[in-house]
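Chemist:
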Amino acid sequence: GGACVDGQCTCPPDSMMCGNACVDVQNDPNNCGNCGVACSDLQSCEAGNCVCAPGYTQCGNACVNVANDPNHCGDCGTACGPNQVCMNGSCTQDCGGLAQCGQSCVDFKSDPLNCGECGKQCKADQVCVDGKCEDYFIPNCNSCPCDECQGDFDQCCFNDFVDHTVCAKECP
Numbered sequence: 344g345g346a347c348v349d350g351q352c353t354c355p356p357d358s359m360m361c362g363n364a365c366v367d368v369q370n371d372p373n374n375c376g377n378c379g380v381a382c383s384d385l386q387s388c389e390a391g392n393c394v395c396a397p398g399y400t401q402c403g404n405a406c407v408n409v410a411n412d413p414n415h416c417g418d419c420g421t422a423c424g425p426n427q428v429c430m431n432g433s434c435t436q437d438c439g440g441l442a443q444c445g446q447s448c449v450d451f452k453s454d455p456l457n458c459g460e461c462g463k464q465c466k467a468d469q470v471c472v473d474g475k476c477e478d479y480f481i482p483n484c485n486s487c488p489c490d491e492c493q494g495d496f497d498q499c500c501f502n503d504f505v506d507h508t509v510c511a512k513e514c515p
């Protein structure tokens, strides 16, 4: 918190007064870098900048999943043809055992952009587990098992969509 002396309020370093509260503008997605600067649902605030959530790539002004986005398949700007879908970063004609949402092949059980159904997006701080958006915590660990996975988030998982280890209520 901040301190008020003789009617003058100050905030700790990396914070600023937004309204009547000191806000950490380095990490707050609703006040990222400055008061009132909000990051999108697929972004988080890091060091005062809105950045794409883990598992997403910045393509122009959008955060996309290049594993299944037909307009950015495998890389920004690589579009699939009219009768193709994007599966695992490659344009293909068939989704195999996955579901087709528009021109994309998706896994309803683990895809945070199509969690349980086409177009149902999980928030940036969630992972899709068995077709449901679940909160997750990213610890400072690179492999499982991880001692930091505790409490409600005691399952250590490697998640392809966020491309690193996560602690979750259950693994996708």
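Residue numbers (our numbering): 344 to 515. Virtual Cβ for every residue (Gly too), placed ideally from N, Cα, C.
If you drop the 5 nearest sequence neighbours on each side, which residues of the same chain put their C-beta closer than 8 Å to that of C416?
Modeler: V409, A422, C423, C429, G432, S433 and C434
Chemist: What number of angstroms, rounded off, separates the C-alpha of C444 from the C-alpha of V472?
Modeler: C444 and V472 have their C-alpha atoms roughly 18 Å apart.
Chemist: Quick one: is P455 buried, meaning 16 or more other Cβ sit within 10 Å of its Cβ, or exposed?
Modeler: That one is buried.
Chemist: If you compare alpha carbons, which of S486, C510 and C476 is closest to C492?
Modeler: C510
Chemist: Classify M360 as buried or exposed, calling it buried when 16 or more other Cβ atoms lie within 10 Å of its own Cβ.
Modeler: exposed
Chemist: Is any heavy atom of the ligand PLP found at a distance shorter than 7 Å from the C-beta of V366?
Modeler: Looking for the ligand PLP in the displayed structure turns up nothing, as the structure carries no ligands at all.
Chemist: Assign S447 to one of two classes, buried (16 or more other C-beta atoms within 10 Å of its C-beta) or exposed (fewer than that).
Modeler: buried
Chemist: At what residues does the beta strand (DSSP E) containing V380 begin and finish?
Modeler: For V380, no beta strand (DSSP E) run applies, since DSSP gives it neither H nor E.
Chemist: Tell me whether G350 is buried or exposed, calling it buried when 16 or more other Cβ atoms sit within 10 Å of its Cβ.
Modeler: exposed
Chemist: Along the chain, where does the beta strand (DSSP E) that runs through S392 open and close?
Modeler: For clarity, residue 392 is Asn in the given sequence; the question names Ser instead. It spans N392 to C395 - the beta strand (DSSP E) in which N392 sits, taken as one unbroken run.
Chemist: Whole-angstrom Cβ separation of C458 and K475, contact assumed at under 8 Å?
Modeler: 7 Å
Chemist: Residues in the same chain with beta-carbon distance under 6 Å from Q464, minus the five sequence neighbours each way, listed in chain order, please.
Modeler: L456
Chemist: Let me know if P413 comes out buried or exposed under the rule of 16 or more other beta-carbons within 10 Å of its beta-carbon.
Modeler: The residue is buried, with at least 16 neighbouring Cβ atoms inside 10 Å.
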